[in-house]
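Chains as they are written, first to last, in my numbering: chain A, 1 to 438; chain F, 1001 to 1470. Written out below as structure tokens is the structure these notes cover.
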Amino acid sequence: MIRDQEFLKDIASYCIENAKKLGATDVGVKVIHSVSENVSFRNKKLDESNRADSFAVNLTTYIEKKKSSINSSDLSKSNLEKLIQRCIDATKITPSDENNSLPDKDLMSKEIRDLNLYDETHYPNDKKIEFLKKVEETASTDEKIVNTEAGFTENKNNFILANSNGFLGGYKTSNFSSSCVAVSRINGAMERDYEFGSTRFLKDMMGPEEIGKIAADKAIKKLGPKKIKSERIGVIFDKRISKGILSTLASAISASAIARGTSFLKDQINSEVFPNSINIIDDPKIEKGLGSQNFDSEGVETNSLKLVENGILKNYLIDTYYGKKLNLKSNGRSGGTTNLYFENGTLSFKDLLNSEKKFLYITETIGHGGNIITGDYSVGASGFMVEDGELTYPVSEITIAGNFKEMFKNITLANDLEMKYSTNAPTLLINQMTVAGK
Amino acid sequence: MSNFFKETDIDTSQAEAIVTETLKNCDDGELYLENHKSESIVLDDNKIKSSTYNSDQGYGFRAVTGEVVAYSHSNDISKESLRKSSDNLKDTLKSKKGTYNHEIPKTNSKYYENINPIESKTFDSKIDLLKSVNNYLRSKGSIVNQVTANFLGEHKSIEIIRSDNQILKDDRPLVRFNVSVVLEKDGKKETGVYGVGGRQSYDDYLKDGSWKDVCDEAFRIANVNLESKPAPAGEMKVVLGPGWPAILIHEAIGHGLEGDFNRKKTSAFHNLMGQQVASEGVTIVDDGTLHQRRGSLTIDDEGTPTENTVLIENGILKNYMQDRLNARLMGTKSTGSGRRESYKHVVLPRMRNTMMLSGKYSQDEMISSVDKGIFAVSFGGGQVDITSGKFVFNCTEAYEINNGKIGSPIKGATLIGDGPSILKEVSLVGNDMKLDPGIGTCGKAGQGVPVGVAQPSILINKMTVGGTKL
Chain A
1 MIRDQEFLKD IASYCIENAK KLGATDVGVK VIHSVSENVS FRNKKLDESN
51 RADSFAVNLT TYIEKKKSSI NSSDLSKSNL EKLIQRCIDA TKITPSDENN
101 SLPDKDLMSK EIRDLNLYDE THYPNDKKIE FLKKVEETAS TDEKIVNTEA
151 GFTENKNNFI LANSNGFLGG YKTSNFSSSC VAVSRINGAM ERDYEFGSTR
201 FLKDMMGPEE IGKIAADKAI KKLGPKKIKS ERIGVIFDKR ISKGILSTLA
251 SAISASAIAR GTSFLKDQIN SEVFPNSINI IDDPKIEKGL GSQNFDSEGV
301 ETNSLKLVEN GILKNYLIDT YYGKKLNLKS NGRSGGTTNL YFENGTLSFK
351 DLLNSEKKFL YITETIGHGG NIITGDYSVG ASGFMVEDGE LTYPVSEITI
401 AGNFKEMFKN ITLANDLEMK YSTNAPTLLI NQMTVAGK
Chain F
1001 MSNFFKETDI DTSQAEAIVT ETLKNCDDGE LYLENHKSES IVLDDNKIKS
1051 STYNSDQGYG FRAVTGEVVA YSHSNDISKE SLRKSSDNLK DTLKSKKGTY
1101 NHEIPKTNSK YYENINPIES KTFDSKIDLL KSVNNYLRSK GSIVNQVTAN
1151 FLGEHKSIEI IRSDNQILKD DRPLVRFNVS VVLEKDGKKE TGVYGVGGRQ
1201 SYDDYLKDGS WKDVCDEAFR IANVNLESKP APAGEMKVVL GPGWPAILIH
1251 EAIGHGLEGD FNRKKTSAFH NLMGQQVASE GVTIVDDGTL HQRRGSLTID
1301 DEGTPTENTV LIENGILKNY MQDRLNARLM GTKSTGSGRR ESYKHVVLPR
1351 MRNTMMLSGK YSQDEMISSV DKGIFAVSFG GGQVDITSGK FVFNCTEAYE
1401 INNGKIGSPI KGATLIGDGP SILKEVSLVG NDMKLDPGIG TCGKAGQGVP
1451 VGVAQPSILI NKMTVGGTKL
């Protein structure tokens, strides 16, 4: 059972009072309890069950402009007392930084709206097992599928965030997720692919048959890939990876990267960064949203932000510390983006595939080949060739490369946006990237 | 040494009784207790950006029968919590019947001292050193745009209680010191990163001004990259430098030789035991016994002493890396490769220090044999798709080779290859094997563990370089 708000509040208050008594001028604290239950299956048999029950306290103490932090999983008061003393001792000898402070009082969240983020339904392990059996049965119908793995995880969380300026808030959240990985084989060579669903409410979870079928179909389609010749070509990003473009944008416009001068988008505020048809929104208040929140990790109120409007960069993602450095107010993005998405484009998926004679369609990338400082991008990729609007054959062992600044300016969006993750993008085309193959 | 049951309502013998009772119908399992202290101090943008101390303690209770693993973990070490975990494990395995394997090898070897690196260097002296790093690098001129430096130190005590009162213990220090510098010249910015570490105290790595060597190396790499040209795109010859570039071995071969993927037949290597998988002259081992290395362990996280496991000998596949579960199911012995990130994680077979051993050629011989290709000296990270065997890694320092001569530096590019075939493309193995500086963390199934790598220079006949220049 997940602990209630009163229990967490008691620990948060204890930490603040004690730290103040020992000489802290300001204190911020977060207390978290989470319970997670996971069951996994492999080749239609139970493989693993895992139950996790975790507490955490994150405490930051300030003495004027000096700051230090501790984290602990042991909530006993005797342990906390020792750690608070240690935190204060470290704070005293840490050099001051004029930007260290709690958030401005008038920016703090005032009310907590029920965003429908908690489903109290408990899905017992026996039910999870039934669900997974169906996932794997569907996934292994085709004889080309030689291995399947499936998992179901249920998560319940509760937290309190508090500071010595009187802010205290928190709420419960839940998450249900299920996944299937299928391995296909032909002539001794194997490929794997997957499907994954994650929801706040159990009843919104996609059906087991759907998860199994999608994973198997994708794994079979990848069989017998070819390596293509190196060339410049238009690259279409499948929805599973197109959202990565938004994650790159988020890193490049975080106040920390801007203030430190380590972003390829430094000095680009109010400039055209994308084609003028493109709008990018970060909305924390979507009901049941996987990235939804009432306030950010410092307790600052978060509201919907248009990051990019008609192709023009309008906002950075700002927290208190780097906001002070940039002379800007926090916009509630300590901890990053919330529900981040591209507004839909105008072309249907089919029309996008038909907009040129030949494309490379990428379904998976591997490696961490994005450089936020220079904007250079180079990753391993696999997917399909598209000829006359049809996916003709699978492709693998190639790389795609370019520079984000140019890539951003050459994006065309399809109109098939789905809100499946916390960051979401429709299928998108980047016109002309370098593909390295044979 | 931590006493896990101090200040709890349960003592060691009561915990042992619960373990024995819970595991009586199981093939294997244990109660794993862990106390983990860590500290991170970061200097960034001329300021001490953060100083954080973490204290974490908890247990992971595991029961294994057949192929099924039941796991329950908590940071509440109490009678009630252990009882609840025990019930949970028994419920999962209620329809199974196993026979407990009591056999576990013992060791008197130790590959590191029980020191706590966080306490063995004062907080003040760490702050002072970070400031010195900042001043030293910024004194190199106005092209220095940004300096980040950090200390990461930890001490982990573990205790493994197996059925019938077998108790195994280990205390593990680990440190890492990193420097990253951003240089700016003529509107162009580039980064250089370097670090050192292992299972000793900070001062073993930083004394006598050797921290300046770390700074100089980061500065040198950034400087090289300021002059870099777009990288070529396509298949060509690649010479890898010694040391850290061995993450190619780690990604291309290492993961594919972990026991779980081979038992499950999802690895591209699962039916290649005893076969030629690499050129003659290629020998690869995974060694947990090197003194004070980042990937070394006295015992693994199941209590098995580590060893030096030969994976590939003269091109022939000899062994997989095994934990107890996969070894039992494949009819072999654990190689002391059972590892977990923390008490919150199940055990998986993992790498320790993965090394390709020296051959007989010099690096000069390799470079002069290449008409057109690249020379890769340092890498960022890598990744592999176990099933298809395709792997990548990113160059952070690389040069063109033209007509047997090293040419201009090239921009960071991803290299992609095929694991099962790449080692057959190794045509020359160098005589200059080097260990990495002690900075690697390997990720698998969401668990990060410290690892090491080593290799000599090698010449690869054909690999795809993912640049932008056709």
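Glycine included, each C-beta is placed from N, C-alpha and C at the ideal position. Please read these numbers as outputs of a predicted model, since none were measured by experiment.
- Distance from the CA of Lys-203 of chain A to the CA of Glu-136 of chain A, rounded to the nearest whole angstrom, comes to 20 Å.
- Neighbours of Val-1346 of chain F across chain A, judged by C-beta separation under 9 Å: Glu-48 and Asn-50.
- With respect to the C-alpha of Leu-429 of chain A, the residue from A:Ile-245, A:Val-395, A:Gly-437 and A:Ser-69 having the closest C-alpha is A:Ile-245.
- Three or more pairs of CB atoms, one per stretch, sit closer than 8 Å, so the stretch 1349-1360 of chain F contacts the stretch 1274-1288 of chain F.
- Just so you know, the alpha carbons of Thr-374 of chain A and Lys-1140 of chain F end up roughly 22 Å apart.
- The residues Asn-99, in chain order, have a CB closer than 6 Å to that of Tyr-321 of chain A in the same chain once the five nearest residues on each side in sequence are set aside.
- Judged by their CB atoms, Glu-1425 of chain F and Ser-1279 of chain F are nearer to each other than the 9 Å cut-off.
- Taking Asp-1385 of chain F as the centre and dropping the five residues before and after it, the same chain places no C-beta closer than 6 Å to its C-beta.
- In this model, Gly-234 of chain A and Val-183 of chain A are separated by some 29 Å (Cα to Cα).
- In the structure shown, the three-state DSSP call for Ser-78 of chain A is helix.
- Under the DSSP assignment, Lys-350 of chain A falls in the alpha helix (DSSP H) whose first and last residues are 349-353.
- Beyond the five residues adjoining it in sequence on each side, Asn-165 of chain A comes within less than 6 Å, by CB distance, of Leu-102 and Lys-105 in the same chain, given in chain order.
- Assignment of beta-bridge partners to Leu-1459 of chain F by DSSP yields F:Val-1239 and F:Leu-1428.
- Taken in chain order, the complete alpha helix (DSSP H) segments of 4 residues or longer contained in the stretch 2-44 of chain A are 5-21.
- In chain order, Asp-89, Ala-90, Ile-93 and Thr-94 make up the part of chain A whose C-beta sits under 9 Å from the C-beta of Phe-1123 of chain F.
- Gly-323 of chain A sits in a helix when the DSSP states are folded into three classes.
- About 5 Å separates the beta carbon of Lys-213 of chain A from that of Thr-138 of chain A, a gap short enough to meet the 8 Å contact definition.
- By the C-beta criterion, the stretch 1173-1193 of chain F is judged not to be in contact with the stretch 1056-1074 of chain F, since fewer than 3 inter-stretch pairs fall below 8 Å.
- Non-local beta-carbon contacts of Leu-1290 of chain F in its own chain, meaning distances under 6 Å to residues more than five positions away in sequence, involve Ser-1296 and Asn-1353 in chain order.
- Ile-160 of chain A has A:Val-31 as its beta-bridge partners, per DSSP.
- Per DSSP, Pro-208 of chain A is one residue of the alpha helix (DSSP H) stretching across 208-221.
- With respect to Leu-1152 of chain F, Gly-1198 of chain F sits apart: the two C-beta atoms are not nearer than 9 Å.
- Val-379 of chain A sits close to Gly-369 of chain A, with the two beta carbons spaced by under 9 Å.
- Annotated as distal: Gly-224 of chain A and Asn-270 of chain A, with beta-carbon spacing of 9 Å or more.
- Contact annotation: in the stretch 190-214 of chain A, residues whose CB is within less than 7 Å of a CB in chain F are Met-190, Glu-191 and Arg-192.
- Annotation: the continuous beta strand (DSSP E) that includes Asp-193 of chain A extends over 189-199.
- Contact of Asn-71 of chain A with chain F by beta-carbon distance below 8 Å involves Thr-1052, Tyr-1053, Asn-1054, Ser-1055 and Asp-1056.
- For the pair Ser-78 of chain A and Cys-15 of chain A, the Cα-to-Cα distance works out to about 12 Å.
- In the three-state reduction of the DSSP assignment, Gln-1363 of chain F falls in the helix class, which pools H, G and I.
- Going by DSSP, Tyr-1205 of chain F is part of the alpha helix (DSSP H) stretching over 1202-1206.
- A straight-line Cα-Cα distance of about 7 Å links Tyr-1202 of chain F and Lys-1121 of chain F.
- With respect to chain A, the C-beta atom of Ile-1439 of chain F has no partner C-beta closer than 9 Å.
- Under the three-state reduction of DSSP output, Ile-1143 of chain F falls in the coil class, being neither helix nor strand.
- Shortest Cα-Cα distance from Glu-111 of chain A to any of A:Asp-376, A:Asp-89, A:Ala-252 and A:Lys-285 involves A:Lys-285.
- When the five nearest sequence neighbours on each side are left out, the beta carbons in the same chain lying within less than 8 Å of the beta carbon of Lys-1333 of chain F are those of Gln-1322 and Ala-1327, in order along the chain.
- Contact check between the stretch 351-359 of chain A and the stretch 205-219 of chain A: fewer than three CB pairs, one atom from each, fall below 8 Å, which does not count as touching.
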